[in-house]
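Contents: one structure, followed by commentary.
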Ligand SMILES: Nc1ncnc2c1ncn2[C@@H]1O[C@H](COP(=O)(O)OP(=O)(O)OP(=O)(O)O)[C@@H](O)[C@H]1O
Ligand SMILES: [Mg+2]
């Protein structure tokens, strides 16, 4: 009877252990979770890659000084920046590609590419706006071609300014991809949700999901700080 | 070596360069002077093709660099520009600022470029700053690094656009002494400057820019002593003496002090001299107003002159009134603090009175 206070924690730990087992081990659930995570990571990576390229194109057109290119791009980016990516995704899935047999994943990549592209374009524009025209001229006067001046002067400086914002954009992108469950993609969030409803104990699965998303964010920050340190050395 | 013919440049309706003709020999040091807004910077920037001339030719070693088939990057490898704002690459330390172009453009090895950079840092006296960031340097140091960065490309020509006008007198001297070292080393130097003493002592020839042309050119001794054309004369006169006519007791003291600042810069006078001139002028005007022109508008002339031989500043006050000498002990205002200060810092005073005009000469 004196041991009674100890029984409760034992019970609690056992509960956690069995919850862990039921949610993540039983029926190879961890494999399913891993697969969902892979989908999330892949979707994020591709959207980031294409989005960055698209952002550079958007930014380039906006700075080109050609009105007939600049105005449409400005309208598009403003719309993309001003609306939730979930709506864009649903619009593409349920309206634009409704009658085509395009894979949902491709549609999602497209939606997030557009979304990221708009953000990256803004990041690039503000980073380039801060740069000094005089330093540009100084480099040209040392015999740098436009391309070389861009590479050695503009890019490193713009990168320094853009880096923290870009990093946040990536983290946000990863988190925003959690809505793709709406369009039948089994990403990390969807997987965890499934697991939760299968076991009738969603708390553990969802809590675990939060940890995974946090882990991904930390990885992003970690990668950036490695690159940063190398840049200085 | 450089030959410029009929160079013109407009900004909208404003014709800034209106047919510039000039020829500059190899290794010469040219000072370009002229009033503000005369187009000195535009001229220099046109020579570097940072501004595209509307018409005219710029021949360098017989080759027209305004021609379509010129590789401007190649031209600029041999032509440096040092601007008023230093413009060091803010993300790179001093060493990388200097070696970036030699390594990337001239394809030197890192070791080669760094060895050369250390020599140049020694030349500009900043070896110990080799690994500092630009933001950690004073303006004068940044400008000396900018010169070293330019020299790292072994240029044949260096253009300077007011290299010292953002600097205080001490830093100005540092930078000018570096530029002086460069003259006579075979590098052609073209310097837009407001430092007339520098132009007088260092330049081989001076171009006076006005009306969008090289209005007058000559050896510094001739151009400064015996300018031929009217505008040059007027300009040279404003360099020698600063002149005010005060016809109201509510004269613009701020504007006057600003002109005294400008005058001091022009003559390389430090802030102590500047302060003394401003103090003496203000105190004496106040003192004169206190005793003269009681009910009527004043009629007072003031000139400030600087003699670089003995670094003497001479203030001359002329005012039409009954005899009044502010320094006269008999007048009994030695208890006036301002006047006591002025008396203390003056080297000498002189006072004359003739034809109803008081003339007070103070040497500082
Ligand atoms: N990019 C430009 N666009 C329009 N006008 C310009 C431009 N650059 C210069 N100007 C005009 O050309 C004129 C000459 O300018 P510039 O800078 O060459 O004068 P400056 O002789 O160098 O004067 P300062 O001694 O003040 O430097 C000025 O009236 C200026 O407003
Ligand atoms: Mg200028």
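Protein chains in written order, with the working numbering: chain R, 38 to 270; chain Y, 4 to 367. Glycine included, each C-beta is placed from N, C-alpha and C at the ideal position. What you are looking at is a predicted structure, and each value in this text was computed from that prediction instead of being measured.
Secondary structure at residue i, three-state DSSP: helix, strand or coil?
i, result
"residue 353 of chain Y", "strand"
"residue 125 of chain Y", "helix"
"residue 68 of chain R", "helix"
"residue 131 of chain R", "helix"
"residue 169 of chain Y", "coil"
"residue 206 of chain Y", "coil"
"residue 24 of chain Y", "strand"
"residue 275 of chain R", "Because chain R here runs from 38 to 270, residue 275 of chain R falls outside it and cannot be looked at."
"residue 273 of chain Y", "coil"
"residue 254 of chain Y", "coil"
"residue 246 of chain Y", "strand"
"residue 191 of chain Y", "strand"
"residue 231 of chain Y", "coil"
"residue 174 of chain R", "helix"
"residue 242 of chain R", "helix"
"residue 216 of chain R", "helix"
"residue 221 of chain Y", "strand"
"residue 367 of chain Y", "coil"
"residue 41 of chain Y", "coil"
"residue 8 of chain Y", "strand"
"residue 226 of chain R", "helix"
"residue 216 of chain Y", "strand"
"residue 238 of chain Y", "helix"
"residue 18 of chain Y", "strand"
"residue 268 of chain R", "Reliability of the predicted coordinates at residue 268 of chain R is poor, the pLDDT of 45 falling under 50, and no value is obtained from them."
Under the assumption that residue i contacts residue j (Cβ atoms under 8 Å), give the Cβ distance between them as a whole number of angstroms.
i, j, result
"residue 24 of chain Y", "residue 195 of chain Y", "18 Å between Cβ atoms; not a contact."
"residue 161 of chain R", "residue 96 of chain R", "4 Å"
Out of the options, which one is the CA nearest neighbour of residue i?
i, options, result
"residue 254 of chain Y", "Y:285, Y:244, Y:275 and Y:232", "Y:285"
"residue 274 of chain Y", "Y:43, Y:174 and Y:147", "Y:174"
"residue 252 of chain Y", "Y:219, Y:212, Y:288 and Y:281", "Y:288"
"residue 128 of chain Y", "Y:149, Y:305 and Y:290", "Y:149"
"residue 67 of chain Y", "Y:114, Y:10 and Y:353", "Y:10"
"residue 133 of chain Y", "Y:248, Y:241, Y:330 and Y:101", "Y:101"
"residue 156 of chain Y", "Y:126, Y:180, Y:119 and Y:185", "Y:119"
"residue 208 of chain Y", "Y:201, Y:220, Y:259 and Y:147", "Y:220"
"residue 1 of chain Y", "Y:343, Y:32 and Y:76", "Because chain Y in this structure spans residues 4 to 367, residue 1 of chain Y falls outside the shown range and cannot be described."
"residue 92 of chain R", "R:255, R:169, R:152 and R:263", "R:152"
"residue 144 of chain R", "R:236, R:75 and R:122", "R:122"
"residue 14 of chain Y", "Y:37, Y:54 and Y:85", "Y:54"
"residue 2 of chain Y", "Y:366, Y:192 and Y:137", "Any property of residue 2 of chain Y remains undetermined from this structure, which presents chain Y solely from 4 to 367."
"residue 123 of chain Y", "Y:17, Y:98 and Y:82", "Y:98"
"residue 203 of chain Y", "Y:270, Y:164 and Y:234", "Y:270"
"residue 214 of chain Y", "Y:40, Y:327, Y:16 and Y:28", "Y:40"
I want to see whether chain Y comes within less than 8 Å of residue i, judged by CB atoms only; does it?
i, result
"residue 179 of chain R", "yes"
"residue 164 of chain R", "no"
"residue 201 of chain R", "no"
"residue 190 of chain R", "yes"
"residue 255 of chain R", "no"
"residue 182 of chain R", "yes"
"residue 185 of chain R", "yes"
"residue 171 of chain R", "yes"
"residue 155 of chain R", "no"
"residue 262 of chain R", "no"
"residue 197 of chain R", "yes"
"residue 175 of chain R", "yes"
Give a yes or no on whether 8 Å exceeds the smallest Cβ distance from residue i to chain R.
i, result
"residue 92 of chain Y", "yes"
"residue 86 of chain Y", "yes"
"residue 345 of chain Y", "no"
"residue 178 of chain Y", "no"
"residue 80 of chain Y", "yes"
"residue 1 of chain Y", "Past the edges of chain Y, shown from 4 to 367, lies residue 1 of chain Y, and the structure says nothing about it."
"residue 135 of chain Y", "no"
"residue 47 of chain Y", "no"
"residue 104 of chain Y", "yes"
"residue 53 of chain Y", "yes"
"residue 76 of chain Y", "yes"
"residue 193 of chain Y", "no"
"residue 187 of chain Y", "no"
"residue 107 of chain Y", "yes"
"residue 83 of chain Y", "yes"
Just the chain A side, please: which residues come within less than 9 Å of residue i by C-beta, in chain order?
i, result
"residue 194 of chain R", "The structure shown contains no chain A; the protein chains it does contain are R and Y."
Worksheet item: Quick one: complete beta strand (DSSP E) runs, 3+ long, within the segment 48-132 of chain Y?
Response: 58-63 and 82-85
Worksheet item: In the segment 133-162 of chain Y, which residue ranges form an unbroken alpha helix (DSSP H) of at least 4 residues, counting only runs that do not cross its ends?
Response: 142-154
Fill in: Complete alpha helix (DSSP H) runs within the segment 285-365 of chain Y (minimum length 4 residues, chain order)
340-348
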